[in-house]
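All residue numbers for the sequence shown refer to the numbering used here, where the first residue is 2 and numbers rise by one.
Cβ coordinates follow ideal geometry from the N, Cα and C atoms, glycine included.
Treat the numbers as computed from the prediction; the structure is a model and nothing was measured.
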Amino acid sequence: MKSIQSLRAIRALAAALLATLALASCETVQTTQPGAVGVDRKQSMLLSSAEVDKSAALAYQQEMKKAAAKNALNRDAAQVARVRVIALRLVPATAAFRPDAPRWAWETNVIASNEVNAWCMPGGKMAVYSGLIEKLKVTDDELAAVMGHEIAHALREHGRERASQAYAQALGLSVVGSALGLGQGSMQLAQIITEVTINLPNSREHEVEADRIGVELAARAGYDPRAAITLWQKMGQAGGGAPPQFLSTHPSPQNRQKDLEDFAARVMPLYETARKR
Ligand SMILES: [Zn+2]
């Protein structure tokens, strides 16, 4: 009886120790410069950018392969061209937040799907679903708004932050977790990246950051930042009352609309300047 109790105690201690170690090797980073919109939250990272980007590239390859197998990859050449032109204008604008970002290995593909969705994995691996383009009948400005939002998630390394949180939890909960080692298991990490990018909803905090940086990216690229407002309105109506899953934990529509209005107004001068070029 007593030995079982002490075994439990040791286990609890080990778990606590691992949690401490995890925290100790955790680095606090500033992933982006604040830009005109002033996003300046510091983030705790347990995993390195290099590790995460490598796994994200792997995860992206797998997703594209899956789409290709269903004959759903870049089926409509005009749609692909349209999306890539917008990406080409948005990517240079990322320099305002991260000087290194324009040189990332960006990729943009269109997946034929009824789903109203778009995402960008860490390192700039992006996908736009045809359902978003067709069902919402998006304008170029609106498409730039959604792509700017997704790119912002990548610039802020939200995927790395969320994967780090998942690892920290695993380390805190299980002694077995440490045996796997943090540097190992690119495949496992790729799976986590896929989950946090495509399947699991983002936190409100991440959404607000992506919204604000997104409007600035659009404005700097010469797209009307106010299109974010109509885009998210259309998105909210897409489910016919029930918002699409994509939106389920996004900020409440009223708060989001107000925030987008405020921040779109703030970056209007950037848009005016970009338009004159
Ligand atoms: Zn988002």
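- Measuring C-alpha to C-alpha distances from Glu52 to each of Arg221, Leu190 and Glu206 identifies Leu190 as the nearest.
- The beta carbons of Met188 and Pro226 sit no closer together than 9 angstroms.
- With a beta-carbon spacing of about 17 angstroms, Trp120 and Glu143 fall beyond the 8 angstroms limit used to define contacts.
- The beta-carbon separation of Val117 and Leu133, rounded to 5 angstroms, stays under the 8 angstroms limit for a contact.
- Between the region 73-80 and the region 103-113, the count of Cβ pairs shorter than 8 angstroms is three or higher; the stretches touch.
- Of the other Cβ atoms in all chains shown, fewer than 16 fall within 10 Å of the Cβ of Ile199; this residue is therefore exposed.
- Counted as a single uninterrupted DSSP element, the beta strand (DSSP E) harbouring Gln44 occupies residues Gln44 to Met46.
- The closest CA to that of Gly39, considering only Thr274, Arg276, Arg267 and Lys277, is found on Arg267.
- Within the same chain, Cβ atoms closer than 6 angstroms to the Cβ of Ala228 are found at Asp142, Glu143 and Ala146, the five residues on either side in sequence being excluded.
- Ranked by how close their Cα comes to the Cα of Ala88, the residues Phe98, Ala167 and Thr109 have Thr109 in first place.
- Between Arg157 and Thr32, the C-beta gap is smaller than 9 angstroms, which places the two residues in contact.
- Straight through space, the alpha carbons of Lys277 and Ser165 are spaced by roughly 42 angstroms.
- According to DSSP, Val40 shares a beta bridge with no other residue.
- Per DSSP, reduced to three states, the secondary structure at Asn110 is strand.
- Under the 10 Å beta carbon count, Pro103 is surrounded by fewer than 16 other beta carbons and is classified as exposed.
- Taking 9 angstroms as the cut-off, the beta carbon of Asp54 is found closer than this to the beta carbon of Pro123.
- At the C-beta level, Ser56 and Glu28 stay beyond 9 angstroms of one another.
- Leaving aside the five residues that flank Gln80 on each side, the residues in its chain whose CB is nearer than 7 angstroms to its CB run, in chain order, Val111, Ser131 and Ile134.
- Listed by position along the chain, the residues with Cβ atoms less than 6 angstroms from a non-hydrogen atom of ligand 1 are His150, His154, Asn203, Glu208 and Ala211.
- Burial check for Ala97: the Cβ neighbour count within 10 Å reaches 16 or more, so the residue is buried.
- Distance from the CA atom of Ala106 to the CA atom of Lys259, rounded to whole angstroms, is 34 angstroms.
- When secondary structure is reduced to three states using DSSP, Tyr130 falls in the strand class.
- In the structure shown, Val216 falls within a helical segment according to DSSP collapsed to helix, strand and coil.
- In the displayed model, Ala145 falls within a helix according to three-state DSSP.
- In the DSSP assignment, Val84 falls within the unbroken alpha helix (DSSP H) covering Ala78 to Ala94.
- Arg99 and Arg163 have their C-alpha atoms spaced approximately 20 angstroms apart.
- Closest by C-alpha distance to Gln192, out of Ser50, Ala60, Arg83 and Ile230, is Ala60.
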